[in-house]
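Trainee:
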Amino acid sequence: MSPILFNLLLKSLWETVLMTLASGAISFVAGLPLGLALVATAKGGIAENLWFNRTLGAVVNGFRSVPFIILLVALIPLTRLIVGTALGTWAAIVPLAIAATPYYARIAEVSLREIDRGLIDAVRAMGGNRWTILREVLVPEALPGLVAGFTVTLVTLIGASAMAGAIGAGGLGDLAIRYGYQRFETAVMVAVVVVLIVLVSLIQWGGDWLVARLERR
Numbered sequence: 001m002s003p004i005l006f007n008l009l010l011k012s013l014w015e016t017v018l019m020t021l022a023s024g025a026i027s028f029v030a031g032l033p034l035g036l037a038l039v040a041t042a043k044g045g046i047a048e049n050l051w052f053n054r055t056l057g058a059v060v061n062g063f064r065s066v067p068f069i070i071l072l073v074a075l076i077p078l079t080r081l082i083v084g085t086a087l088g089t090w091a092a093i094v095p096l097a098i099a100a101t102p103y104y105a106r107i108a109e110v111s112l113r114e115i116d117r118g119l120i121d122a123v124r125a126m127g128g129n130r131w132t133i134l135r136e137v138l139v140p141e142a143l144p145g146l147v148a149g150f151t152v153t154l155v156t157l158i159g160a161s162a163m164a165g166a167i168g169a170g171g172l173g174d175l176a177i178r179y180g181y182q183r184f185e186t187a188v189m190v191a192v193v194v195v196l197i198v199l200v201s202l203i204q205w206g207g208d209w210l211v212a213r214l215e216r217r
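Heads up, the sequence shown is in the working numbering, so the first residue is 1 and it goes up one at a time.
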């Protein structure tokens, strides 16, 4: 591989990492409250509201059911409104974050539902309000599962960011398409695959390590 292509590989790697971390952070900040809302308003929840729960669940399922490549195109007007362009790394963060938020919300919901009901009842018996239950019971007890789910979300975002490269979002996917596929640069394609495998492995290892630390608390 020539020095020019190597530099392009490094640049594309940085763009992929930027897209993944930025959209991942947004999905965590937005998805966790959604997951908490879904659990809290469910039947028997601490703030039971079945109408709200079903409406929110339908919205979350609606976004999750749309294939990412279609969502990517459908959100172009919104992306232009927020970023000012539909091309480039920063533009890709918008659809990536919107796609990942409901995905993580459902993962968070599953982790939060596994909390022992007895802990919630105990806090209620001691006079704890809804906010206390959310802050002192649900989130701390579900933290290992929340981190594990976030790790899966980041890995999923890496694949989605590669797909976003098909419409000029930059990153490793764009490099693989423009050089590895269109210009028949086999070395570039192999390098991109290897880098993606290493990147996913590092994220998964980091997530597993953090989950293990949290579970030993």
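In this text, a Cβ means the ideal position worked out from N, Cα and C, and glycines have one as well.
Please determine, among Gly31, Leu34, Ser27, Ala40, the residue with the shortest C-alpha to C-alpha distance to tryptophan 131.
Mentor: Nearest in C-alpha terms to tryptophan 131, of all of Gly31, Leu34, Ser27, Ala40, is Ala40.
Trainee: Taking the alpha carbon of arginine 54 as the reference point, which residue from Pro67, Val66, Gly35, Leu72 has its own alpha carbon closest?
Mentor: Gly35
Trainee: Would you call the CB atoms of valine 94 and leucine 119 closer than 8 Å?
Mentor: no
Trainee: Restricting to runs no shorter than 4 residues, where is the alpha helix (DSSP H) found entirely within the region 41-95?
Mentor: With a minimum length of 4 residues, the continuous alpha helix (DSSP H) runs that stay inside the region 41-95 are 50-65, 68-74, 76-83.
Trainee: If we require 4 or more residues per run, which alpha helix (DSSP H) segments fall completely within the region 133-171?
Mentor: 139-164
Trainee: I think leucine 71 touches tyrosine 179, with their Cβ atoms under 8 Å apart; what is that distance to the nearest whole Å?
Mentor: Incorrect: roughly 26 Å between the Cβ atoms, too far for contact.
Trainee: Using three-state DSSP, classify asparagine 7 as helix, strand or coil.
Mentor: helix
Trainee: Which word fits isoleucine 82, buried or exposed, when buried means at least 16 other C-beta atoms lie within 10 angstroms of its C-beta?
Mentor: exposed
Trainee: Quick one: is methionine 19 buried, meaning 16 or more other Cβ sit within 10 Å of its Cβ, or exposed?
Mentor: buried
Trainee: So, under 8 Å CB-CB, serine 23 and tyrosine 104 are touching, yes? Tell me the CB distance rounded to an integer number of Å.
Mentor: Rounded, the Cβ-Cβ distance is 10 Å, inconsistent with contact.
Trainee: Can you grab the Cα-Cα spacing for the pair glycine 171 / leucine 8, in whole Å?
Mentor: 9 Å
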